[in-house]
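From first to last, the protein sequence lines are chains L and X.
At position 190 of the first sequence (counting the first as 1) the number is 190 in my numbering, and the numbers step up by one without a gap.
At position 153 of the second sequence (counting the first as 1) the number is 1153 in my numbering, and the numbers step up by one without a gap.
Number of protein chains: 2
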Amino acid sequence: MSSPGARPLIQPLQRTTADANPCAACKVRDLSICGAIEPEHLGKLDAIVMHKKLQAGETLFFEGDRSDSLYILTDGCVRLSKMLADGRRQVTGFLFPSDFLGLALRERYAYSAEAVDAVSLCRYPKNRLEALLDQFPAMERRLLAVASNELAAAQDQMLLLGRKTALERVASFIFILMRRMQLKGRQDVVSLPMTRTDIGDYLGLTIETVSRSLSKLKRDRVVRFLTAQDLQVVDAKRLAALAGADDDWQLATTI
Amino acid sequence: MSSPGARPLIQPLQRTTADANPCAACKVRDLSICGAIEPEHLGKLDAIVMHKKLQAGETLFFEGDRSDSLYILTDGCVRLSKMLADGRRQVTGFLFPSDFLGLALRERYAYSAEAVDAVSLCRYPKNRLEALLDQFPAMERRLLAVASNELAAAQDQMLLLGRKTALERVASFIFILMRRMQLKGRQDVVSLPMTRTDIGDYLGLTIETVSRSLSKLKRDRVVRFLTAQDLQVVDAKRLAALAGADDDWQLATTI
DNA sequence: CTGCAGCCTTGATCTGCGTCAAAATGCTGC
DNA sequence: GCAGCATTTTGACGCAGATCAAGGCTGCAG
C-alpha cells in the first residue's frame, strides 16, 4: 500500500550568515510550540535542533521504532498511519507546517510517519528537549495544550469514523482542510497533496468511494476542481452542513 | 438515545476523623496523577478537592459546557460521548477508577460525560489546579504522559473504527477491558457495566451486530457468559488474535 | 510527437452490517 | 411465585459501500 522508502540520514544544521539564528527567522515559530520561548532564549533551541528533509514517499520513522526524537514540521505534508497484520491501514492524521510530531513521551512510536510530498522538519533529541522543558514551563504548558487539541481532534475523527456516511466523511475532510488553510490566509482553495488511497485510509473508505463522493460534491456544486489535487470550495455553508460542523465554525480558532 | 438526567449538585467534602486527609488514603492515588505529589504536600490537593457522586444515567457535563473543572474517577464507570445534530452518537471512551477526566485545557468540553453506574469523583477547579501545576512540575509532566497515552489509545480506536470488522471490534473491546482488569488483579473475568447500546455506539456498530458478535465469540468458545454483564475469557490467545493485538500484549503496561 | 505507468473515475455486482420484527431473558415490585 | 417492563438475542430482508472490472487522464521518457 505505502512504499517503505529508505530511511534518510539526518542532515546536520548548516550554519551560514543567512541562518545564524534560524529559529528566530522561522516562519512557523509563532504557530508552534517554539512560540512559547522568549526570543532571547531561542539560541538554546537552535543549539539542539537538527534539520531534516525528506522526499515524497520517504519514511521518517516506523510504528514500533524507539522514539528518541520530537519533530516540528516546517514544510510539506506528513502522513501518520497504523497497520494491521494483514496490511489493512489506517491513516490517523495528516500534518502540515507548524504541526508537532512525536509527542509520545513513550518508549516507542505508536504510528509510522511518512512524507506525502517534499518535507522539511526540525528534529529535537527527546532527552535534550525534555531538559529544555524543565527550564521553560511555558513550553511544557504549550505542549499540554497541543496534546489537548489533538485529543479533541481525535475524538472528532472517532465520530466521523464511527457514525458518518461516506459523503459526510469526505465533506468533513475537505472542511477541516479548508479551515486549516483559512488560518494561513487562503480563502477557499484547498489542495490535496495526498493520494486518494491516503484519503480513503484516513476516512475508513475505499478509493472508489472517495472518488464517487468527491464527484457528487462536484455535481452538486459544493466544490469545483481546479486540478485533481486542487479544489475550490464553492458553497462553504453546504459543505459545513454536510460535515456536521458546529454552528460557530466561522469563528477563528488559534493554537 | 441517552437520558440527560438531572445535573447533580456538588457535595462539599465531609471532614471527619475517618478522612481528615482523604487523598493520602485514596486507593487510586498511585495509579493517577495525584501520585506525582509527595505525601507531605497532599494537603494542598485536599484543600481544593470536592467530592461528587452520581447515580447511573446522570450527566456530569454536556458537550459544549464551559469547562471549569477537572475530575479523577475514584469509583464506577463514566461514558464520554459526542453527538451529531440528528442524534447519531459516538461514545469516545469509557473511564474507570483512576482515570482522568476533563483534560481539556480548553474553553469548553468537547464531549459529554455521563455515569454508566454509580460513580464517585474528585473534582478540582481548573484554575486552582493549574496553580498547583505551577508548583509541582512533576504533576504537569504526569499529565502530559496521561495525554500522550490517551492519544495513543485514540489512534488505536481510529484503526478499530476505520478498518476492523464487527467481530474484530467486539473482540478488541473485550480484550482492552480484560487488560485493564488485569492491571488491577482480576485475571480473566470482564464486566460490562454499560449497555449494548453504549458498546455499539463505542464500536460504530448497532446493538444487534454487537449481540451477534458476542454470540459468535460464545459459540466459538472464546468467551463464556456468567451473566449478561459479566463474562469470562476462555481463550485469551484467540481473543488477542481476533483483536489484532501486538505480539507483546502480555507485557504489563503501567501509567 | 508516442508509449507507458501511475492515478483517478465510472460502472456492475456482491456482501457485511443495518433495519425491521419478534421472541427470549432478566430485573423489579408486589 | 408472577406481572410488567426493559434489555438482549435471534431471524428475515435491504442497502451503503466494498469489490471487481474497464476506461480515462496526466506526466514523463525517449
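Beta carbons: idealized from backbone N, C-alpha and C, even for Gly.
All values derive from a computational prediction rather than experimental measurement.
* Report the rounded CA-to-CA distance for X:C1023 versus X:T1074, giving the unit in angstroms. => On the second sequence, position 23 is the one that residue 1023 of chain X refers to. On the second sequence, position 74 is the one that residue 1074 of chain X refers to. So the two alpha carbons sit approximately 11 Å from each other.
* **CB contact below 9 Å: L:N149 versus chain X** => Working through the first sequence from its first residue, we reach residue 149 of chain L at position 149. For L:N149, the answer is yes, since a Cβ of chain X falls inside 9 Å of its Cβ.
* Find the residues of chain L that neighbour X:K1204, judging by a C-beta separation of less than 7 Å, and give them in chain order. => The residue you call residue 1204 of chain X lines up with position 204 of the second sequence. Note that residue 1204 of chain X is Gly in the sequence shown here, rather than Lys. Residues of chain L passing the Cβ test: L161, G162 and R163.
* **X:L1157 burial status per 10 Å Cβ neighbour count (16 or more: buried)** => Sequence index remark: in the second sequence, residue 1157 of chain X carries index 157 (1-based). The sequence shown places Gln at residue 1157 of chain X, rather than the Leu named in the question. By the 10 Å Cβ count, X:Q1157 comes out buried.
* **Residue environment, L:Q232, which counts as buried when at least 16 other CB atoms sit within 10 Å** => As a working note, residue 232 of chain L is residue 232 in the first sequence. Exposed, since its Cβ has fewer than 16 Cβ neighbours within 10 Å.
* Asked: Quick one: which chain L residues come within Cβ less than 7 Å of X:G1102?
  -> Along the second sequence, one-based indexing puts residue 1102 of chain X at 102. What X:G1102 touches in chain L: nothing, since even the nearest Cβ is about 10 Å away.
* **Proximity of X:D1198 and X:F1061 at Cβ, strictly below 9 Å** => Indexing the second sequence from 1 puts residue 1198 of chain X at position 198. Indexing the second sequence from 1 puts residue 1061 of chain X at position 61. The answer is no: Cβ separation not under 9 Å.
* **Where L:P137 sits in the DSSP three-state scheme** => As a first step, residue 137 of chain L must be located in the first sequence, where it is residue number 137. Three-state result, L:P137: helix.
* To do: Using a Cβ cut-off of 9 Å (strictly closer), state whether X:T1195 contacts chain L.
  => Residue mapping note: residue 1195 of chain X aligns to position 195 of the second sequence, counting from 1. Taking Cβ atoms only, chain L never reaches closer than 9 Å to X:T1195, which makes this a no.
* Is the shortest distance between the beta-carbon of L:R181 and the beta-carbons of chain X less than 9 Å? -> Looking up residue 181 of chain L in the first sequence gives position 181. Contrary to the premise, residue 181 of chain L reads as Met rather than Arg in this sequence. With 9 Å as the cut-off, L:M181 does not count as an interface residue toward chain X.
* To do: Can you grab the Cα-Cα spacing for the pair X:E1168 / L:P39, in whole Å?
  => By one-based count along the second sequence, residue 1168 of chain X stands at place 168. By one-based count along the first sequence, residue 39 of chain L stands at place 39. So the two alpha carbons sit approximately 51 Å from each other.
* Could you say which of X:H1051, X:A1241, X:D1065 and X:A1036 lies nearest to X:G1102 if we only look at CA atoms? => By 1-based counting over the second sequence, the position of residue 1102 of chain X is 102. The shortest C-alpha separation from X:G1102 is found at X:D1065.
* Who does X:D1099 pair with in a DSSP beta bridge? -> Residue 1099 of chain X sits at position 99 when you count from the first residue of the second sequence. DSSP, once it has assigned bridges, lists no residue as partnering X:D1099.
* With which residues is L:M50 paired in a DSSP beta bridge? -> For the purposes of this step, residue 50 of chain L is identified with residue 50 of the first sequence, where counting begins at 1. DSSP, once it has assigned bridges, lists L:R123 as partnering L:M50.
* Asked: Going along chain X, which residues have a C-beta under 7 Å from L:K82?
  -> Indexing the first sequence from 1 puts residue 82 of chain L at position 82. Near L:K82 (Cβ distances below 7 Å), the residues of chain X are Q1155 and L1159.
* What's the C-alpha gap between L:A257 and X:D1230? -> Since the first residue shown for chain L is 1 and the last is 255, residue 257 of chain L is missing from the structure and cannot be characterised.
* To do: Could you pull out every unbroken alpha helix (DSSP H) segment of at least 4 residues lying fully inside the stretch 141-218 of chain L, listed in chain order?
  => 166-183 and 196-203
* Asked: Where do the N-terminal and C-terminal ends of the beta strand (DSSP E) with X:A1113 fall, by residue?
  -> Mapped onto the second sequence, residue 1113 of chain X falls at position 113. It spans S1112 to A1115 - the beta strand (DSSP E) in which X:A1113 sits, taken as one unbroken run.
* To do: For L:Y111, decide whether its Cβ has a neighbour in chain X, counting only Cβ atoms nearer than 9 Å.
  => Translated into positions along the first sequence, residue 111 of chain L becomes position 111. Taking Cβ atoms only, chain X reaches closer than 9 Å to L:Y111, which makes this a yes.
* Asked: If you follow the beta strand (DSSP E) that L:R79 is part of, which residue opens it and which one closes it?
  -> Looking up residue 79 of chain L in the first sequence gives position 79. Counting along the chain, the beta strand (DSSP E) containing L:R79 begins and ends at V78 to M83.
* Spatial neighbours of L:K82 within its chain, please: CB distance less than 8 Å, with the 5 preceding and 5 following residues excluded, ordered by chain position. => Within the first sequence, the letter at position 82 stands for residue 82 of chain L. Closer than 8 Å at Cβ, skipping near neighbours: E63, R89, Q90, T92, A110, Y111 and S112.
* Asked: Under the DSSP definition of a beta bridge, which residues are partnered with X:S1067?
  -> Taking the second sequence and counting its residues from 1, the one referred to as residue 1067 of chain X is at position 67. Bridge partners of X:S1067: none, in fact.
* Helix, strand or coil for X:R1088 per DSSP? -> Residue numbering aside, residue 1088 of chain X sits at position 88 when the second sequence is read from its first letter. The answer is coil: DSSP assigns X:R1088 none of H, G, I, E or B.
* the stretch 1188-1206 of chain X in contact with the stretch 115-125 of chain L per 3-pair CB rule at 8 Å -> no
* **Chain-ordered residues of the stretch 1216-1250 of chain X with a beta carbon less than 7 Å from chain L** => G1244
* **Same chain, Cβ closer than 8 Å to X:I1033, neighbours up to 5 away in sequence not counted** => As a position in the second sequence, residue 1033 of chain X is number 33, starting the count at 1. Excluding positions up to five away in sequence, the list reads I1072, F1100, M1139, R1142, L1143 and V1146.
* Any C-beta of chain X under 9 Å from that of L:D198 -> Position 198 of the first sequence holds residue 198 of chain L. Answer no: the Cβ-Cβ gap between L:D198 and chain X never drops below 9 Å.
* Could you tell me whether any non-hydrogen atom of the ligand GDP is closer than 8 Å to the CB of X:I1207? => This structure lacks the ligand GDP, and indeed carries no ligand of any kind.
* Identify, in the order they occur along the chain, each residue of the same chain with its Cβ nearer than 7 Å to the Cβ of L:T254, setting aside the five sequence neighbours on each side. => Counted from its first residue, the first sequence places residue 254 of chain L at position 254. Note that L:T254 has pLDDT 46, beneath the 50 cutoff, so the model's placement of it is unreliable and no number is given.
* Beta-carbon neighbours of L:A85, restricted to chain X and to distances below 8 Å -> Position 85 of the first sequence, counting from 1, holds the residue named residue 85 of chain L. Correct list: G1244.
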